[in-house]
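J.: So the protein lines, in turn, are chains E and W.
Per this note's numbering, residue 1 is the first one in the first sequence, and the count goes up by one each step.
Per this note's numbering, residue 1 is the first one in the second sequence, and the count goes up by one each step.
Note that the Cβ used here is the ideal one computed from N, Cα and C, for glycine as well.
Quantities reported herein were computed from a predicted structural model and do not represent experimental measurements.
Have a look at this one.
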Amino acid sequence: MELLVAQLLNGLVYGVLLFLMAAGLSLIFGLMNVVSLAHGSFFMLGAFLGLAIVQVTGSFWIALVLAPLAVALLGIVMEVLFLRPLYARGHMDQVLLTFGFTFVFYDLVQTVWGRIVLRLPTPAILQGTVDIGAGVFSAYRLFLIGFGFAIAVLLWLLLERSRIGAMVRAGVDNAAMAAGLGGNIALLFTGIFGFGVALAGLGGVAAGPTLGLYPGMDTDILIPAFIVIVIGGMGSLRGAFVGSLLIGIADTFGKAYLQSIALFLIYLAMTVVLLIRPQGLFGIRYADAPPSAVARTMPPSTKATRAVGLIVLAVLIVLPFGLPDYPRALIAEIYIFAIFAMSLDLILGFSGLMSLGHAAFFGLGAYAVAVLGVQFGLDAWIGLAAGVALAAAGAALIGFFCVRTGGIPFLMLTLAFSQLVFSVALKWRDVTGGSDGMALAEQPSFFGFSLSHSLVMYFMTLMFFVAAYLGLRRLIDAPLGHVFVGIRENEPRMAAIGYPTLAYKLVAFTIAGAIAGLAGGLYVIYNGFISSDAVYWTASGDILIMTMLGGAGTLIGPPIGAAVFLLMKNVASSYSEHWLAIIGTAFICCVLFFPGGIWGSVQKLRGKAAP
Amino acid sequence: MNILDIEHLNCAFGNLIVTDDVSLSIAEGERHVIIGPNGAGKTSLINQIGGQLRSKSGRIVLEGRDVTGQAPSRISRLGVARTFQRNNLFHNLTVFENLRLALTAKFGNPLDFFSVAARDQVLAAHAAELMRKVHLDGQGARIARTLSYGEQRQLEIGIALAGKPKLLLLDEPTSGMSPAETARMIDLIGALPRSLSVLMIEHDMTVVFSVADRVTVLYYGKILATGTPADIQANARVREVYLGMAH
Numbered sequence: 001m002e003l004l005v006a007q008l009l010n011g012l013v014y015g016v017l018l019f020l021m022a023a024g025l026s027l028i029f030g031l032m033n034v035v036s037l038a039h040g041s042f043f044m045l046g047a048f049l050g051l052a053i054v055q056v057t058g059s060f061w062i063a064l065v066l067a068p069l070a071v072a073l074l075g076i077v078m079e080v081l082f083l084r085p086l087y088a089r090g091h092m093d094q095v096l097l098t099f100g101f102t103f104v105f106y107d108l109v110q111t112v113w114g115r116i117v118l119r120l121p122t123p124a125i126l127q128g129t130v131d132i133g134a135g136v137f138s139a140y141r142l143f144l145i146g147f148g149f150a151i152a153v154l155l156w157l158l159l160e161r162s163r164i165g166a167m168v169r170a171g172v173d174n175a176a177m178a179a180g181l182g183g184n185i186a187l188l189f190t191g192i193f194g195f196g197v198a199l200a201g202l203g204g205v206a207a208g209p210t211l212g213l214y215p216g217m218d219t220d221i222l223i224p225a226f227i228v229i230v231i232g233g234m235g236s237l238r239g240a241f242v243g244s245l246l247i248g249i250a251d252t253f254g255k256a257y258l259q260s261i262a263l264f265l266i267y268l269a270m271t272v273v274l275l276i277r278p279q280g281l282f283g284i285r286y287a288d289a290p291p292s293a294v295a296r297t298m299p300p301s302t303k304a305t306r307a308v309g310l311i312v313l314a315v316l317i318v319l320p321f322g323l324p325d326y327p328r329a330l331i332a333e334i335y336i337f338a339i340f341a342m343s344l345d346l347i348l349g350f351s352g353l354m355s356l357g358h359a360a361f362f363g364l365g366a367y368a369v370a371v372l373g374v375q376f377g378l379d380a381w382i383g384l385a386a387g388v389a390l391a392a393a394g395a396a397l398i399g400f401f402c403v404r405t406g407g408i409p410f411l412m413l414t415l416a417f418s419q420l421v422f423s424v425a426l427k428w429r430d431v432t433g434g435s436d437g438m439a440l441a442e443q444p445s446f447f448g449f450s451l452s453h454s455l456v457m458y459f460m461t462l463m464f465f466v467a468a469y470l471g472l473r474r475l476i477d478a479p480l481g482h483v484f485v486g487i488r489e490n491e492p493r494m495a496a497i498g499y500p501t502l503a504y505k506l507v508a509f510t511i512a513g514a515i516a517g518l519a520g521g522l523y524v525i526y527n528g529f530i531s532s533d534a535v536y537w538t539a540s541g542d543i544l545i546m547t548m549l550g551g552a553g554t555l556i557g558p559p560i561g562a563a564v565f566l567l568m569k570n571v572a573s574s575y576s577e578h579w580l581a582i583i584g585t586a587f588i589c590c591v592l593f594f595p596g597g598i599w600g601s602v603q604k605l606r607g608k609a610a611p
Numbered sequence: 001m002n003i004l005d006i007e008h009l010n011c012a013f014g015n016l017i018v019t020d021d022v023s024l025s026i027a028e029g030e031r032h033v034i035i036g037p038n039g040a041g042k043t044s045l046i047n048q049i050g051g052q053l054r055s056k057s058g059r060i061v062l063e064g065r066d067v068t069g070q071a072p073s074r075i076s077r078l079g080v081a082r083t084f085q086r087n088n089l090f091h092n093l094t095v096f097e098n099l100r101l102a103l104t105a106k107f108g109n110p111l112d113f114f115s116v117a118a119r120d121q122v123l124a125a126h127a128a129e130l131m132r133k134v135h136l137d138g139q140g141a142r143i144a145r146t147l148s149y150g151e152q153r154q155l156e157i158g159i160a161l162a163g164k165p166k167l168l169l170l171d172e173p174t175s176g177m178s179p180a181e182t183a184r185m186i187d188l189i190g191a192l193p194r195s196l197s198v199l200m201i202e203h204d205m206t207v208v209f210s211v212a213d214r215v216t217v218l219y220y221g222k223i224l225a226t227g228t229p230a231d232i233q234a235n236a237r238v239r240e241v242y243l244g245m246a247h
C-alpha cells in the first residue's frame, strides 16, 4: 500500500513536469501550427541556467523565477529572427529549423557544463521528508505536485478568463480569422512562443533537483511530451493536463512493475489513441497541412544530362584508386546513406508525406542481417534479402495505419511507430543486444572478394547505390511515380479522378521502407555492428536533414545531402569538438536561405539562367 | 434507365441541415441544372454524389447500382467525373501532365513502375484531343498555375472529361469568369456529346437557360421545384423566394 502511494506520487511528479513541457508545446502548435522539436532544448536550458543562477545567488527560488525569463527571452529571439520568416512556407521547414536548433543547444550545454550528470540542490526549506499518513515522502516532490497543479490552474484561468486568453483561444480556432478581428497576431505568436518556452524552462528548473541535469535530457523529456499532446490532443490545455498525468503515472507504474514492456505500452497507447481519435482525446481536428514546398516534376533526362551522369559515374569509379583506406570507407558509408536518403525522399519529396520514423525500416533491414548472421549463422547476403523483405512487410503494416493521416499527425504517428521498433530493439536484449548492440562475426565476401578490403567495399556499395538510383529514377519517370507526385500535389483531386489514394500512398511507403531496409542491411555489412541507437528517433531526424539539405523532391539532392552531412560530420568532428553546433548552424542556414535544399537551389539558378 | 436516381437523401453538419429529403432523377443525356441561393446545399449535394461527403440517410443510385457511401475514387471509376467550385488542379504540373494523370487512371497502367510515362504516345494523342475539346490547343507545356482563370476552368473540365465519364458534375463552371470566358464555356458545354449526362450548379441565369433541359431549385436543403426552364420561370414560389430575391 505504501509503495503504491509512493509510486502514484512519483507518477504525479513526473506528470506535472510533463505538463509544463506539454502545455507550451500544445499551445504553440495549436496557435501557430508549429511543432517545435527544440522545446526539449528549452527545458534543458532552463535547468542549466537555473543551476548557474543558483551557483551565483545561492537561491533556488531566484533561479525558479529568473531562469524561465531568460529562456523566454531566448525563445522570443528565436521566434522573431528565425521562425517568423518561415510562416509563409510549409510547416516542414519550421520543424526542420527547430531540429537544427536542438543540435546547437545540445552542443552549447555540453560545452559549458560538460557531459556528467549534475544536480540542482534542493532548496533548504524543502529538504527532508514528510509523513503523509501512508508513508514518508520527499518534501520537494510533494511541493512539485502542488506547484504543478497551481500552474495548471493559473494557466486555465489565464486562458479562460483573460482578454489575452480569449485572443489565444480565437487564434487556436482560426488564426487568420482572429487576425481579421483586430488581434495583433504577430505579437501574439511571439508572446505565446516566449510563454510556452518559459513554461518549459520552468519545468527544467523544477525538474533539476529530481531528474538531474545532463545533455540529452532534452530528448528524454521531448518524446514523452509529444506522446502527451498526441494523446491529449494538440492545442488543448485540458488534453495536455490529462495526458501528462496519464503518461506520468503509467510510465512510473510501468517501470516499477512491467519493466520490459513499459516503453512498449506507452507507444502502443499513443498509437491506439491516434487510430481511434486522430485528433487526440480533447483535441480539435486539424486540416492536413498543405503539400511541401518542393518544385514541380523532375525535368526529363536528355542526352546532356545522361552524358553528365556517365562522367560522374566514371569519376566515382576512378576516384577510390587515388585514395587511402579511410576516405574510401567514408565514401562507401555515404553511398549507403544516399540510398537511405533517396528512399525517404520517395515519400517525403515525391509523395508529400513527412516521416520522422524512417530509421525503423533501416533498423529492420540492419537487424535482419545481424540477427540472422549471429543467431542462425546465415550468410549476410541472404540476411540482406530477408532484411529488405522484413522492412517492406514492416512498412506495409505501419504504413497501413499512417497513410490515413497526413501532415503533422503523419509525422507524429511515424515517430511513434519507429519508437515502438526502437523499444523492441532496446529491450529484446537476448536477440538484439539492446543498446550494447551486436557485432557480425565475420564480414561476408562479395563475389569471392573479401569486403575487408576497402576497395571491394567501395565498389560493392557503389554498385548498390547506382542500382538504387537508377531504379528510383525509373520509378519516378514511370506512371506510378507520376501518380505519387499527383497525390503530393492534390490528393482530393486524385481521388476524384479515380485513384484510390490511400492504396497508392501505402505502395510508396512500402517501397520506401524496402529500400531503407536495403540501406540498413548494407550498413551492417559495412560496419559489422548495429545497436539500438541506429533506430532511435534522432537517426530518423538525421536522414530527414540529409534529404532536405540536398533537396527533397529531386533524386540527386538526397545523395548530395548525405555526402555533405557525413563529410561535415567527419571533418568537423575531427577538427572541432563542436561539430554538432556546426552541423546545426549549417542546417539552420540551409533552411533559411536555401529553401528546396542544395540541389533545389542549383535547379532554380539553372531555371533562371535558361530563357 | 436513368443515369442517376437520388432517393430521400439527407445530410447535416451538426445541427445544420444541408440536404433535406432530396429526391432527384437525371435521365440519360439530360442537362440538369441546380440553382438556389447561397447556402442552399448545392455543393453539398454534388459532394455526396461524388463521394466526398457522406450522407446521413437515403440512397444514391447510378445506373441502377447503389453507390451510397462509396469512396470518391470508386465513384469516379464507375463513370462519374466532376469539377470543383474552386479550381482544383495540379497547379505545379503542366497542362499536359494534368491531363495525362487523369487519362492514366482510366486508360493507362498507373501501377507501371518501369516504362517512361512521357513516352506514352497513346496517352499523348488522347491528351491532345482533350486539349482541343476544351479550347486549350497547343497549351500543353504551360504550368497550370500560369493559366488564366478561365483557362484553368477549361482545364478542370478537360480533366473531368479524360475518363470518358457517363455523368459529369460541374460545380459553378462559370463563376468568376468574364463574359467572353462565360460564352466560351457555354459553347464548350453545348458541344459535349449527348451520350454524356450533365448535372451542374450555376448562378448565371443566361447560362442556366441556354444549357438546361431541366432545372431544380434548392432552398435550405430542400427541393423547391423541378421542371423545364419555362416551368421554373413560371413557378410562383420560385419567383417569390429565389428569382425575386435577385431584384
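Go through its chain and collect everything with a Cβ distance to residue 235(W)'s Cβ below 6 Å, but skip five positions before and after it.
T.: If we look at residue 235(W) and ignore the five residues flanking it on each side, its Cβ neighbours are 225.
J.: For residue 200(W), report the span of its beta strand (DSSP E) as first-last.
T.: Residues 197-201.
J.: In angstroms, rounded to a whole number, what distance separates the CA positions of residue 277(E) and residue 398(E)?
T.: Cα to Cα, the separation comes out at about 17 Å.
J.: DSSP on residue 291(E), reduced to helix/strand/coil?
T.: Any reading at residue 291(E) is ruled out, since the residue's pLDDT is 40, under 50, leaving its predicted position unreliable.
J.: Return no unless some Cβ of chain W is closer than 8 Å to the Cβ of residue 429(E).
T.: It does not: the Cβ of residue 429(E) has no partner Cβ on chain W nearer than 8 Å.
J.: Going by the beta-carbon positions, is the gap between residue 13(E) and residue 120(E) smaller than 8 Å?
T.: Not closer than 8 Å, so no.
J.: Just the Cα atoms here: how many angstroms apart are residue 229(W) and residue 168(W)?
T.: Using only the alpha carbons, I get a separation of about 20 Å.
J.: Please report the distance separating the alpha-carbon of residue 43(W) from that of residue 400(E).
T.: Approximately 31 Å, taken between the alpha carbons.
J.: Since residue 80(W) and residue 165(W) should fall inside the 8 Å C-beta cutoff, what is the C-beta to C-beta distance between them, to a whole number of angstroms?
T.: Between residue 165(W) and residue 80(W) the Cβ distance is about 6 Å, and since that is below 8 Å, they are a contact.
J.: Using 8 Å as the threshold, is the stretch 431-444 of chain E in touch with the stretch 243-255 of chain E, meaning 3 or more CB pairs across them?
T.: Cβ pair count under 8 Å is below three, so no.
J.: If you run the structure through DSSP and keep just helix, strand and coil, what is residue 411(E)?
T.: DSSP places residue 411(E) in helix when its eight states are reduced to three.
J.: Would you identify the three-state DSSP class for residue 219(W), choosing helix, strand or coil?
T.: Strand at residue 219(W).
J.: Would you verify that the beta carbon of residue 32(W) is, or is not, closer than 8 Å to some beta carbon of chain E?
T.: Judged by the 8 Å Cβ criterion, residue 32(W) is not in contact with chain E.
J.: For the alpha helix (DSSP H) containing residue 574(E), list its first residue and its last residue.
T.: Its alpha helix (DSSP H) spans residues 557-575.
J.: Can you pull the chain E neighbours of residue 115(W), defined as C-beta to C-beta under 9 Å?
T.: Residues of chain E passing the Cβ test: 474, 477, 478, 479.
J.: Quick test of your reading: residue 226(E) and residue 566(E), contact by CB under 8 Å. State the CB separation rounded to the nearest angstrom.
T.: That belief does not hold up - the Cβ atoms of residue 226(E) and residue 566(E) are roughly 27 Å apart, past 8 Å.
J.: Among residues of its own chain, excluding the 5 on either side of residue 549(E), which ones have a beta-carbon nearer than 7 Å to its beta-carbon?
T.: Taken in chain order, the residues that qualify are 561, 564, 565, 587, 590, 597, 598.
J.: CB-CB under 6 Å to residue 412(E), same chain, minus the five flanking residues each way: which ones, in chain order?
T.: Hits under 6 Å: 230.
J.: Closer than 8 Å by C-beta to residue 208(W): which residues in its own chain qualify, once you throw out the five before and the five after it? Chain order, please.
T.: These residues qualify, in order along the chain: 33, 35, 202, 215, 229.
J.: Report the rounded CA-to-CA distance for residue 496(E) versus residue 171(W), giving the unit in angstroms.
T.: Approximately 13 Å between the Cα atoms of the pair.
J.: So who's on the other strand from residue 81(W), going by DSSP bridges?
T.: Residue 81(W) is bridged to 168(W).
J.: Thinking just about the alpha-carbon of each residue, which of 498(E), 593(E), 444(E), 317(E) is nearest to the one in residue 462(E)?
T.: Answer by Cα proximity: 317(E).
J.: In chain order, what residues of the same chain have a beta carbon less than 7 Å from the beta carbon of residue 11(W), not counting five sequence neighbours either side?
T.: Once the five neighbours on either side are set aside, the close Cβ partners of residue 11(W) are 18, 19, 44, 48, 53, 55, 56.
J.: Could you check whether the stretch 70-88 of chain E touches the stretch 183-198 of chain E, counting it as contact only if at least three pairs of C-beta atoms, one from each stretch, sit closer than 8 Å?
T.: Taking 8 Å as the limit for Cβ pairs, the verdict is that the stretch 183-198 of chain E does touch the stretch 70-88 of chain E.
J.: Which residues in the same chain as residue 348(E) place their Cβ atom closer than 7 Å to its Cβ, once the five residues preceding and following it in sequence are excluded?
T.: So the list reads 354, 355, 547, 552, once near-sequence residues are dropped.
J.: Taking buried to mean at least 16 other C-beta atoms within 10 Å of its own C-beta, is residue 100(W) buried or exposed?
T.: When all chains shown are included, residue 100(W) counts as buried.
J.: State the CB to CB distance for the pair residue 199(W) and residue 162(W), rounded to an integer number of angstroms; the pair is presumed to be in contact (CB under 8 Å).
T.: Incorrect: roughly 18 Å between the Cβ atoms, too far for contact.
J.: Taking one C-beta from the stretch 46-59 of chain E and one from the stretch 260-269 of chain E each time, how about it: are there three or more such pairs within less than 8 Å?
T.: Judged by Cβ distances under 8 Å, the stretch 46-59 of chain E makes no contact with the stretch 260-269 of chain E, as fewer than three pairs qualify.
J.: Among all the DSSP beta bridges, which residues are the ones paired with residue 5(W)?
T.: DSSP lists 25(W), 61(W) as partners of residue 5(W).
J.: Using a Cβ-Cβ cut-off of less than 8 Å, list which residues of the stretch 135-167 of chain E approach chain W; keep chain order.
T.: Flagged: no residues at all.
J.: Would you check if the distance between the CB atom of residue 361(E) and the CB atom of residue 517(E) is smaller than 8 Å?
T.: Contact: yes.
J.: Can you look up residue 405(E) in the DSSP assignment and give me helix, strand or coil?
T.: Coil.
J.: So which residues of chain E does residue 54(W) contact, with C-beta pairs closer than 7 Å?
T.: Residues of chain E passing the Cβ test: none, with the nearest at roughly 14 Å.
J.: Using three-state DSSP, classify residue 35(E) as helix, strand or coil.
T.: Of the three classes helix, strand and coil, the one that applies to residue 35(E) here is coil, per DSSP.
J.: Excluding the five sequence neighbours on either side, which residues of its own chain have a C-beta within less than 8 Å of the C-beta of residue 570(E), listed in chain order?
T.: Around residue 570(E): 330.
J.: Can you find a C-beta in chain W that's less than 8 Å from the C-beta of residue 489(E)?
T.: Yes, residue 489(E) counts as interfacial toward chain W.
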